[in-house]
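Please read the structure below before turning to the comments.
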Amino acid sequence: MTLLQVRSGGLRIKQSPEGKTRIKGLYVARDGFDGWDDGATMRSDTVSRPQAHGDFDMPGFLSGRLVAMEGWAIAHTRTELENLRDQFIGHGADGGKFDVSIERNDRTLRAEARIAAGTRPSFKDDGTGKRARWSVSWWRPDPRKYQTNKSPDGSPFGPASSLQVFQRGNFPALPVFTITGASAGGYTINGPAGRRIVVTRPLVAGAPHRFEMSTGRLYVGGTRVLGGVARADLFTIPPGLPVTSISITAGQLLVDVDDTFV
């Protein structure tokens with residue numbers, strides 16, 4: 619069982635059980651992994667009720683998440699320590715976003731992050747040339763965590779004209795639909811509670827459509843197109859055991875949905 623392993627690009631940060639030999643690498647200190655397991659901060663607009671008690675009830679949304687880490691770098695030679703330093707300090711130094719995967723307790727979750735604004739990675743040699751203390755803060759604009767989700771037999775949901783879709787996370791998930799086949803008059807995707815995605819753009823064999831529930835955007839043959847969607851009642855796949863029935867009036871539907879966690 620993997621206690622903890624953080625992967626991002628070529629960066630690999632491990633947690634080693636006490637009593638085990640620690641080889642060259644970056645290791646998380648005890649209590650040095652903070653912000654990943656906590657809930658995200660809730661935000662909402664506050665509008666006072668004029669000439670009345672209380673506020674108007676406004677929806678809440680999750681803010682981004684700060685993940686702070688610190689630990690030790692261990693090397694056999696001074697050159698190895700310098701190489702670890704270069705790799706650690708250079709990761710995300712251009713300000714760009716990078717992929718992160720956290721492997722722990724036989725589960726791997728994915729996220730995106732960047733170096734947190736107003737912070738700087740730290741890497742300080744303890745004077746031996748073979749050991750250094752490090753720390754870094756990663757900002758995750760999207761506080762959710764994702765895991766690849768498949769149907770019980772290990773295959774994707776579809777392609778089919780009618781599907782029962784679910785996800786094993788603890789937060790509503792936003793699916794992506796891929797539609798194949800041919801239909802000159804377009805098609806309608808029927809979701810829960812009467813929600814519908816009505817696409818009027820013709821479906822042509824060899825040019826699959828992709829519809830993103832997170833944005834309401836339609837892509838044809840990999841290229842985003844404007845127009846062609848007459849109605850878009852966006853919906854999510856709820857967490858846990860309930861299944862969501864989704865069907866399509868023409869063509870074949872493939873549903874890609876990640877297990878989504880907070």
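Under the numbering used here, the first residue of the sequence shown is numbered 619, with each subsequent residue one higher.
Think of the CB as a built atom: it goes at the ideal place given N, C-alpha and C, for glycine as much as any other residue.
Suppose contacts are defined by Cβ-Cβ distances below 8 angstroms. Is residue i in contact with residue j by that definition?
i      : j      : result
Phe741 : Ala686 : no
Phe855 : Ile797 : Checking the displayed sequence, the identity of residue 855 turns out to be Ile instead of Phe. The answer is no: Cβ separation not under 8 angstroms.
Arg853 : Arg813 : In the sequence as displayed, the identity of residue 853 is Phe instead of Arg. Going by C-beta atoms, Phe853 is nearer than 8 angstroms to Arg813.
Gly787 : Asp877 : yes
Phe795 : Val873 : yes
His694 : Leu629 : no
Glu698 : Lys642 : yes
Trp844 : Arg722 : Per the sequence presented here, residue 844 reads as Leu, with Trp not at that position. Not closer than 8 angstroms, so no.
Could you give the distance in angstroms between the alpha-carbon of residue i and the alpha-carbon of residue j?
i      : j      : result
Leu702 : Pro790 : 39 angstroms
Gln870 : Ser719 : 32 angstroms
Met660 : Pro761 : 11 angstroms
Glu730 : Thr766 : 15 angstroms
Arg683 : Ala658 : 6 angstroms
Pro860 : Met831 : 19 angstroms
Asp744 : Thr726 : 33 angstroms
Gln669 : Ser863 : 46 angstroms
Arg842 : Ser662 : 32 angstroms
Gln623 : Gln705 : 17 angstroms
Val816 : Ser681 : 32 angstroms
Gly627 : His671 : 52 angstroms
Trp752 : Glu700 : 13 angstroms
Pro739 : Ile807 : 47 angstroms
Lys715 : Gly747 : 31 angstroms
Pro810 : Leu781 : 12 angstroms
Arg696 : Arg749 : 9 angstroms
Pro857 : Arg625 : 26 angstroms
With DSSP as the reference, label residue i as helix, strand or coil.
i      : result
Asn788 : coil
Thr737 : coil
Gln782 : strand
Asn701 : helix
Ala729 : strand
Gly708 : helix
Gly689 : strand
Ala850 : strand
Pro677 : coil
Gly839 : coil
Ala811 : helix
Arg667 : coil
Arg762 : coil
Report all residues from its chain with a CB closer than 7 angstroms to the CB of residue i; omit the five preceding and five following residues, and keep chain order.
i      : result
Ser666 : Asp673
Ala825 : Val838 and Gly839
Thr737 : Ser755
Leu792 : Met831, Ser832 and Thr854
Among the residues of its own chain, which have a CB less than 8 angstroms from the CB of residue i, if the five just before and after it don't count?
i      : result
Gly713 : Arg732 and Ile733
Tyr645 : Ile631, Lys632, Gln633, Ser634, Gly689, Trp690, Ala691 and Ile692
Arg835 : Phe829 and Arg842
Gly678 : Met660, Arg661 and Ser662
Gly799 : Leu821, Ala823, Ala868, Gly869 and Gln870
Ala647 : Glu688, Gly689 and Trp690
Arg819 : Gly804, His827, Leu836, Val838, Val843, Gly845, Gly846 and Val847
Ala735 : Trp757
Please work out which residues of its chain come closer than 6 angstroms, Cβ to Cβ, to residue i, disregarding the five sequence neighbours upstream and downstream, and give them in chain order.
i      : result
Ala868 : Ser801 and Tyr805
Thr664 : Asp673
Under the criterion of a Cβ to heavy atom distance below 7 angstroms, does residue i qualify as lining the ligand MN?
i      : result
Arg762 : Only the bare structure without any ligand can be found here, which leaves the ligand MN out of the picture.
At least three beta-carbon pairs within less than 8 angstroms, the stretch 775-785 to the stretch 750-764: With the cut-off at 8 angstroms, the stretch 775-785 and the stretch 750-764 do not touch.
The stretch 846-859 in contact with the stretch 649-658 per 3-pair CB rule at 8 angstroms: Three or more beta-carbon pairs separated by less than 8 angstroms are not found between the stretch 846-859 and the stretch 649-658, which leaves the two stretches without contact.
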